[in-house]
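Down below is the structure, laid out as structure tokens.
Residue numbers (the UniProt record's numbering), protein chains in the order written: chain C, 1 to 433; chain P, 1 to 143.
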């Protein structure tokens, strides 16, 4: 279901003309109203007038998360405070929170984007959406809430947690859709089993999942356990919150970016140069309709692939793949950008489950070397040397095909790779440069 | 006729072999035969022991990567050309030997070799039809 037929199916030419108009006016606004941008543009020697075509956007400087922190709390705002009707913020686990504001029109835009998102999942008037994203400073809960009201669905603003009550309400109210993180959907299922709920007999038919990375395998698991369709959504509070991109239920193959509100670029995180669509790159967004806190070329650090192929749902805007990794994790080996997640993908493919692994990068005779240590668990083991060697060669070849760099795979014993309590350490870089 | 062999994945690191054999010894598991195949990075220790199930469990519990394979223990005439005779029979039947190693046998006059074949069942048929004696699991485990 397409919510906004006119804008979601704009022919590319018309879309780009619209983007250009909106971008032009935005550049003038931020230059005039945000001291940060005035200083930055001046420093780079660019003026809003330098935008003659859309591709001139590349002349303008990037905006980083750090810029929002440096201007904490309201320094990046482009409107006076009395026009700001809502303030959200990130959790600030790595420092000061990132603060974002919304004007009344921004809230309308956001509701429109989430209306598209929910419609894309096949949710509409008459549906009962159990919204289990957190309400509060976090953008997930209220973002989905406003979108659901806009399409005329009945929203249950239940927020996250309290699984037993979630299940009781789901059954008693007859929720037809749920929005939450994919991992919460799985944990809710476990509680349903313990409590003896037969979720397949409930009217729930679709889940709108996001706010954390998840795999297609996880999708299959959620869909078969719950007996529902599961679609992926993408967003970040700096850009607007949820609603930046969403999957359509028809294709479930990449998330449509609402290009009439955001210009997306993919760049090489090292050089900052644009990479062609179809190749992995860091997502960079320019918000062309936001009023309170418009951002020019915001570096998301998320790596994904942009697909321009037409989609069978009829939408004309591009689709982004799932986020493949974070540019902060990127390694440069012999000049090639390598992400641990790419190697992870090869290993999962071989084993069916993710083994513990470690990438060791070193420099020998001025040449970078990559060794991939993989723990050999039961399912992987053969009593024949040649079989293990064949497997080793095969992984080496698949990694080479994936990243374009030769590596050495070393099979190691289980538990020989150090475990960490938090995020697993996947890389040891021994290079002294 | 088939005998259970335990295989253990071992990194080429000093002390690892000692840990495996020590663990088995401390739990009263007796090693009847073994072979160690190695590469520069890792090795596979193959063992015939008196209590294969217990050994398998024990090694798993101690987080070794361990596998179980069916092998054959063939009595080979202890004279020049004895082994060649066995291999000739197998070769004629197009049975491939994946690997083999010797077992120290004290109760008969023959030498005993442990064989791993690509087709174990077929090897059983061909060898018995040609008059070779295969040792039973109980015989091996209780030597």
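Using N, Cα and C, we set each Cβ at its ideal position, and we do this for glycine too.
Provide the residue span of the beta strand (DSSP E) that contains residue i, from first to last.
{"i": "residue 242 (chain C)", "result": "241 to 247"}
{"i": "residue 436 (chain C)", "result": "This structure cannot settle anything about residue 436 (chain C), because the visible part of chain C is limited to 1 through 433."}
{"i": "residue 368 (chain C)", "result": "367 to 375"}
{"i": "residue 179 (chain C)", "result": "177 to 180"}
{"i": "residue 302 (chain C)", "result": "298 to 304"}
{"i": "residue 130 (chain C)", "result": "128 to 131"}
{"i": "residue 1 (chain C)", "result": "That residue, residue 1 (chain C), is in no beta strand (DSSP E); it is neither H nor E in DSSP."}
{"i": "residue 7 (chain P)", "result": "2 to 11"}
{"i": "residue 350 (chain C)", "result": "Segment 340 to 351 is the alpha helix (DSSP H) holding residue 350 (chain C); no beta strand (DSSP E) there."}
{"i": "residue 100 (chain P)", "result": "97 to 103"}
{"i": "residue 113 (chain P)", "result": "111 to 117"}
{"i": "residue 12 (chain C)", "result": "Residue 12 (chain C) -> not in any beta strand (DSSP E); alpha helix (DSSP H) instead, spanning 12 to 33."}
For residue i, which residues does DSSP report across the bridge?
{"i": "residue 88 (chain C)", "result": "C:100"}
{"i": "residue 233 (chain C)", "result": "C:246"}
{"i": "residue 256 (chain C)", "result": "C:246, C:319"}
{"i": "residue 49 (chain C)", "result": "DSSP, once it has assigned bridges, lists no residue as partnering residue 49 (chain C)."}
{"i": "residue 172 (chain C)", "result": "BP columns for residue 172 (chain C) are empty, so no partner."}
{"i": "residue 428 (chain C)", "result": "C:360"}
{"i": "residue 283 (chain C)", "result": "C:266"}
{"i": "residue 16 (chain P)", "result": "Residue 16 (chain P) is not bridged to any residue."}
{"i": "residue 68 (chain P)", "result": "P:6"}
{"i": "residue 134 (chain P)", "result": "P:74"}
{"i": "residue 42 (chain P)", "result": "P:11"}
{"i": "residue 434 (chain C)", "result": "Examination of residue 434 (chain C) is not possible in this model, given that chain C is present from 1 through 433 alone."}
{"i": "residue 49 (chain P)", "result": "P:31"}
Going by the CB atoms, is the gap between residue j and residue i shorter than 8 Å?
{"i": "residue 74 (chain P)", "j": "residue 132 (chain P)", "result": "yes"}
{"i": "residue 65 (chain P)", "j": "residue 8 (chain P)", "result": "yes"}
{"i": "residue 315 (chain C)", "j": "residue 8 (chain C)", "result": "yes"}
{"i": "residue 204 (chain C)", "j": "residue 177 (chain C)", "result": "yes"}
{"i": "residue 414 (chain C)", "j": "residue 63 (chain P)", "result": "yes"}
{"i": "residue 237 (chain C)", "j": "residue 98 (chain C)", "result": "yes"}
{"i": "residue 197 (chain C)", "j": "residue 167 (chain C)", "result": "yes"}
{"i": "residue 383 (chain C)", "j": "residue 67 (chain P)", "result": "yes"}
{"i": "residue 333 (chain C)", "j": "residue 370 (chain C)", "result": "yes"}
{"i": "residue 285 (chain C)", "j": "residue 266 (chain C)", "result": "no"}
{"i": "residue 360 (chain C)", "j": "residue 373 (chain C)", "result": "yes"}
{"i": "residue 376 (chain C)", "j": "residue 396 (chain C)", "result": "no"}
{"i": "residue 234 (chain C)", "j": "residue 202 (chain C)", "result": "no"}
{"i": "residue 116 (chain C)", "j": "residue 246 (chain C)", "result": "yes"}
{"i": "residue 127 (chain P)", "j": "residue 89 (chain P)", "result": "yes"}
{"i": "residue 429 (chain C)", "j": "residue 358 (chain C)", "result": "no"}
Does any CB atom of chain P fall closer than 8 Å to the CB of residue i?
{"i": "residue 227 (chain C)", "result": "no"}
{"i": "residue 428 (chain C)", "result": "no"}
{"i": "residue 413 (chain C)", "result": "yes"}
{"i": "residue 376 (chain C)", "result": "yes"}
{"i": "residue 221 (chain C)", "result": "no"}
{"i": "residue 36 (chain C)", "result": "no"}
{"i": "residue 410 (chain C)", "result": "yes"}
{"i": "residue 482 (chain C)", "result": "What is shown of chain C runs 1 to 433, which leaves residue 482 (chain C) out entirely."}
{"i": "residue 381 (chain C)", "result": "yes"}
At what residues does the alpha helix (DSSP H) containing residue i begin and finish?
{"i": "residue 491 (chain C)", "result": "Only positions 1 to 433 of chain C appear in the structure, and residue 491 (chain C) is not among them; the question remains open."}
{"i": "residue 60 (chain P)", "result": "52 to 61"}
{"i": "residue 357 (chain C)", "result": "Counting along the chain, residue 357 (chain C) falls outside any alpha helix (DSSP H), though it belongs to the beta strand (DSSP E) covering 357 to 364."}
{"i": "residue 120 (chain P)", "result": "120 to 129"}
{"i": "residue 198 (chain C)", "result": "Per DSSP, residue 198 (chain C) belongs to no alpha helix (DSSP H) and is neither H nor E."}
{"i": "residue 334 (chain C)", "result": "Unbroken run through residue 334 (chain C): none, as it is neither H nor E."}
{"i": "residue 70 (chain C)", "result": "65 to 70"}
{"i": "residue 90 (chain P)", "result": "82 to 92"}
Taking only beta-carbon atoms, is residue i less than 8 Å away from chain C?
{"i": "residue 37 (chain P)", "result": "yes"}
{"i": "residue 7 (chain P)", "result": "yes"}
{"i": "residue 67 (chain P)", "result": "yes"}
{"i": "residue 46 (chain P)", "result": "yes"}
{"i": "residue 98 (chain P)", "result": "yes"}
{"i": "residue 78 (chain P)", "result": "no"}
{"i": "residue 41 (chain P)", "result": "yes"}
{"i": "residue 11 (chain P)", "result": "yes"}
Do the segment 74 to 94 of chain P and the segment 44 to 60 of chain P meet, that is, are 3 or more Cβ pairs less than 8 Å apart? Cβ pair count under 8 Å is below three, so no.
Could you tell me whether the segment 299 to 311 of chain C touches the segment 323 to 341 of chain C, where touching means 3 or more Cβ pairs closer than 8 Å? Taking 8 Å as the limit for Cβ pairs, the verdict is that the segment 323 to 341 of chain C does touch the segment 299 to 311 of chain C.
Between the segment 148 to 157 of chain C and the segment 268 to 282 of chain C, can you find at least three pairs of beta-carbon atoms closer than 8 Å? Between the segment 268 to 282 of chain C and the segment 148 to 157 of chain C there are fewer than three C-beta pairs closer than 8 Å, too few to call the two in contact.
Contact between the segment 207 to 224 of chain C and the segment 64 to 80 of chain C: three or more CB pairs below 8 Å? The segment 207 to 224 of chain C vs the segment 64 to 80 of chain C: no contact.
If you pair each beta-carbon of the segment 80 to 89 of chain C with each one of the segment 56 to 63 of chain C, do three or more pairs fall below 8 Å? In short, these stretches do not touch, since the Cβ pair count stays below three.
Within 8 Å, do at least three Cβ pairs link the segment 15 to 25 of chain P to the segment 80 to 98 of chain P? Two segments are said to touch when three or more pairs of C-beta atoms, one from each, lie closer than 8 Å; by this definition the segment 80 to 98 of chain P does not touch the segment 15 to 25 of chain P.
Mind the definition here: the segment 26 to 42 of chain C touches the segment 130 to 146 of chain C only if three or more C-beta pairs lie below 8 Å; say whether that holds. Contact between the segment 26 to 42 of chain C and the segment 130 to 146 of chain C is absent: fewer than three C-beta pairs spanning the two stretches fall below 8 Å.
Per the contact definition of three or more C-beta pairs closer than 8 Å, is the segment 25 to 36 of chain P in contact with the segment 400 to 408 of chain C? Remark: fewer than three beta-carbon pairs, one from each stretch, lie closer than 8 Å, so the segment 400 to 408 of chain C and the segment 25 to 36 of chain P are not flagged as touching.
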